[in-house]
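Quick notes on the structure that follows.
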Amino acid sequence: MTHEVFNQVPPLAGHDASDEAALLDGLHREGAGWAEPEVRELGRLAGTERAQEWGRLANEHPPVLRTHDRCGHRIDEVEFHPAWHELMTVAVTHGLHGSAWTDPREGAHVARAAKFYTWRVDAGHGCPVSMTYAAVPALRQSPELAAQYEPLLARPEYDFGLRPPLTKTALLAGMSMTEKQGGSDVRANTTTAAPQPDGTYRLVGHKWFTSAPMCDVFLTLAQAPGGLTCFLVPRVLPDGGLNPLRLMRLKDKLGNRSNASSEVEYDEAVAWRVGDEGRGVRTIIEMVNMTRLDCVIGAASGMRLGVTTAAHHAAHRSAFGRPLIDQPLMRNVLADLAIESEAATTTMLRLAGATDRSVRGSETETAFKRLGLAVSKYWICKRWPAHAAEALECLGGNGYVEESGMPRLFRESPLNSIWEGSGNVAALDILRAVLREPQTLEAFFDEVDQAQGADARLDAAVKEAKGAFADTATIEYRARRVAERLALVLQASLLVRHGHPAVADAFCATRLGGDWGGAFGTLPPGLDVAPIIDRATPKVG
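Residue numbering for the sequence shown follows the numbering used here, beginning at 64 and increasing consecutively.
The following block contains the structure:
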C-alpha cells in the first residue's frame with residue numbers, strides 16, 4: 064500500500080432531501096401544509112443510497128428499442144433497466160403524476176409540485192410523469208374521453224406494459240407535436256387525420272420528438288379537414304392489436320438518458336379527436352402550460368441538488384489548512400449559488416399555488432399564472448446550466464468525474480430551457496400574452512407590487528420593468544431582456560415578502576442593484592452569508 068486515503072468527502076446520503084426551509088415554508092404558505100409528512104417521507108427516500116443508485120443505474124443502462132420480435136413481427140417495444148421501473152413506481156405511487164387532479168384538498172397541486180421537486184434522484188423518468196400530469200386538462204376538452212381516461216391517469220399505480228388502455232389498472236400519457244420541418248412551429252405540421260364513419264380518425268405522418276414512447280396514450284396534433292386538431296392516440300387498440308405507431312429510432316441525447324425519446328411514424332394510426340377540429344393548438348396548450356410548470360420545478364430542483372452537493376463537499380473537504388466551507392471565496396460562491404436556488408424554489412411554489420387556485424376557478428390567479436409562468440420558465444431554466452457548471456466546479460476535478468454525479472446533473476441542465484419552447488419561443492410568448500391578454504400584465508404587477516416600499520432597489524427595478532413595454536418598435540428585439548427583468552422583479556418581490564432577510568437582501572443587492580460580477584461567487588462585501596450557506600448545507604446522519 065503506497066498511501067493512506069484521507070480528506071475525501073463521504074457520500075451525500077442518509078439525509079432528508081426535503082429538509083429545506085424555502086421548500087417547507089412555501090408548502091405551508093401556498094396552502095399545502097397538510098402534505099408535509101408526505102413530502103418528508105419522499106425526501107427521506109430520495110436521500111438514501113438505494114434511491115440514488117436507481118438513478119445511476121437507469122442512466123448507465125439506457126432504454127433499448129426492439130422494433131421486431133425473433134420471427135420478424137413488428138412489436139415496437141422499449142426495454143428498460145429494472146431501476147427505471149423502481150423509479151417510476153415510487154413517483155406514481157406518491158402521486159407525482161395525475162393524482163392532484165382528483166385530490167379535492169386545497170393545495171393538491173402545490174403538494175404535488177413539492178414532491179416532484181424533492182424526488183430528484185433522476186430527471187429522465189420525470190418526463191412521462193410530467194406529461195401524464197399535464198394531459199388531464201387538455202383531455203377535459205372532450206368530456207367523454209376524460210370520463211374514461213382521467214381516473215386511470217390519476218390512479219397511484221404503476222402498470223407497465225402494452226395492453227388495451229381501458230383494461231389496465233392505471234395509465235401514463237405522452238405528447239407528440241413537433242415534426243422535422245416545423246419544430247416549434249407546429250402549425251407547419253404535415254401529418255394528416257382522415258375522419259372515419261365510426262367517429263375515429265386515421266393518422267398518417269411522422270413526429271420528430273416523441274418522448275416516453277412506452278406510454279399508453281398520446282396527445283398529438285394532425286391536420287384534419289377543419290385544420291390542425293388534437294387527437295388521443297393509444298399504443299394498443301381496444302381489440303388488443305397494436306396501433307400502427309412505428310418507432311423508427313431512439314434519440315441519442317446529451318442528457319436525460321434514462322428516458323426514451325423517439326421518432327415515430329403513424330401508418331393509418333387510429334385516433335380519437337380531442338376538442339374541436341381546427342383548435343388543436345388551443346386544446347393542447349393546456350398540456351404545454353402544465354409541462355412548462357414542471358420545467359420550472361425541475362430546474363429549481365436541479366439547482367437545489369447542485370448547491371447542496373457543493374456545500375456538502377465544501378463542509379467535508381479541507382485545503383490550505385482549513386475546511387473549504389470556511390474559506391472566504393468559497394463562501395462567496397456557495398452563498399451565491401444558494402441565493403439563486405432559493406429564488407427559484409420560492410418562485411416555483413408560488414406558481415404551483417397559482418395553478419391550484421386557477422384550477423379552482425380564480426380568474427386573478429389564472430391571469431397571474433399565465434405571465435408569471437412564462438417569465439419564470441424562460442429565466443429559471445436559463446439559469447440552471449450556469450448554476451450546474453459552478454456547482455460542479457466546487458468539487459474540482461472530482462466534480463468532472465462521472466462517479467460524483469455532477470456530470471449527469473450538468474448534462475440535464477440545458478434540457479428544461481429547450482423543452483416546451485426554447486428561449487426565443489418563451490420570450491415571444493411573454494409578448495404574446497401581454498398583447499392579447501393585457502389583464503395578465505396587470506395581475507403580474509399586482510403580485511409584484513405587494514412588496515412596494517420594502518426595498519428601494521426593488522422599487523426602482525419594478526419601475527424600469529413597467530416601462531419596458533413603452534417602445535413597441537423594438538419590443539421583439541428586446542424580448543429576452545424584458546423577460547429577464549420581469550422574472551427578476553417577481554423573484555425579488557417573493558423573497559422580500561417571504562424569504563430569509565439575508566437571502567432577500569443579497570438578491571436585491573446583486574440581481575437588481577447591480578453590485579455583482581459576471582459569474583457566481585461575485586457577491587459584494589458586507590452581506591450576511593452565514594445563514595444563507597447554513598440553509599444550503601444538508602444535514603446528513
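All C-beta atoms, glycine included, are put in the ideal place defined by N, C-alpha and C.
Pairwise C-beta distances place the region 175-189 in contact with the region 81-95, as three or more of them are shorter than 8 Å. The alpha-carbon of V299 is positioned some 10 Å away from that of G224. Between Q515 and D522, the alpha-carbon positions lie close to 6 Å from each other. Put simply, the backbone Cα of A197 is about 8 Å away from that of G161.
Contact between L208 and G365 is ruled out by a C-beta separation of about 34 Å, above the 8 Å threshold. Contact between the region 281-300 and the region 335-347 is present: 3 or more CB-CB pairs across the two stretches fall below 8 Å. The alpha-carbon of A593 is positioned some 36 Å away from that of A489. The shortest C-alpha to C-alpha distance from V351 to any of V545, T181, G237 is the one to G237. Cβ neighbours of K314 within its own chain (closer than 8 Å, five residues either side excluded): F272, S324, S325, E326. Here the region 252-271 does not lie against the region 456-471, with fewer than 3 beta-carbon pairs under 8 Å apart. With contacts defined as CB atoms closer than 9 Å, A287 and T241 fail to qualify as a contacting pair. Rounded to whole angstroms, the Cβ separation of S205 and T354 is 19 Å, and the two are not in contact under 8 Å. Per DSSP, R598 has no beta bridge partner at all. Here F383 is exposed: its Cβ has fewer than 16 other Cβ atoms, across all protein chains shown, within 10 Å. When secondary structure is reduced to three states using DSSP, K243 falls in the coil class, being assigned neither helix nor strand.
When C-beta atoms of the region 104-112 are compared with those of the region 302-319, fewer than three pairs fall below 8 Å, so the two segments do not count as touching. The secondary-structure analysis by DSSP pairs L284 across a beta bridge with C293. Contact between T181 and G106 holds, with the beta-carbon distance rounding to 5 Å and staying under 8 Å.
For A536, there are no CB contacts under 6 Å within the same chain when 5 residues up- and downstream are skipped. At least 9 Å separates the beta-carbon of E349 from that of V396.
Within the DSSP bridge table, the entry for M238 names L282 as partners. N487 is classed as exposed because its beta carbon has fewer than 16 other beta carbons within 10 Å across all chains shown. Around the CB of V155, 16 or more other CB atoms lie within 10 Å, so the residue is classed as buried. The Cβ-Cβ distance between W447 and N479 falls below 9 Å. Excluding its 5 nearest sequence neighbours in each direction, N461 has C-beta neighbours in its own chain below 7 Å: S467, listed in chain order.
Residue pairing by DSSP places H131 opposite R137 in a beta bridge.
Around L491, the same chain offers E539, A542 as residues with beta carbons nearer than 8 Å, after the five sequence neighbours per side are excluded.
Where L575 is concerned, there is no enclosing beta strand (DSSP E), because DSSP gives it neither an H nor an E.
Shortest Cα-Cα distance from T408 to any of L284, G562, L392 involves G562. A direct Cα-Cα distance of roughly 13 Å separates R433 from M411.
In this structure, K445 sits away from E483, with a CB-CB distance that is not shorter than 9 Å. About 5 Å separates the beta carbons of V296 and A334, which is inside the 8 Å limit, making them a contact pair. For H269, the beta-bridge partners assigned by DSSP are E328.
With contacts defined by Cβ atoms closer than 9 Å, L400 and F281 do not form a contacting pair. Rounded to whole angstroms, the gap between the alpha carbons of P125 and V267 is 29 Å.
Around the Cβ of R544, a 10 Å sphere holds fewer than 16 other Cβ atoms; the residue is exposed.
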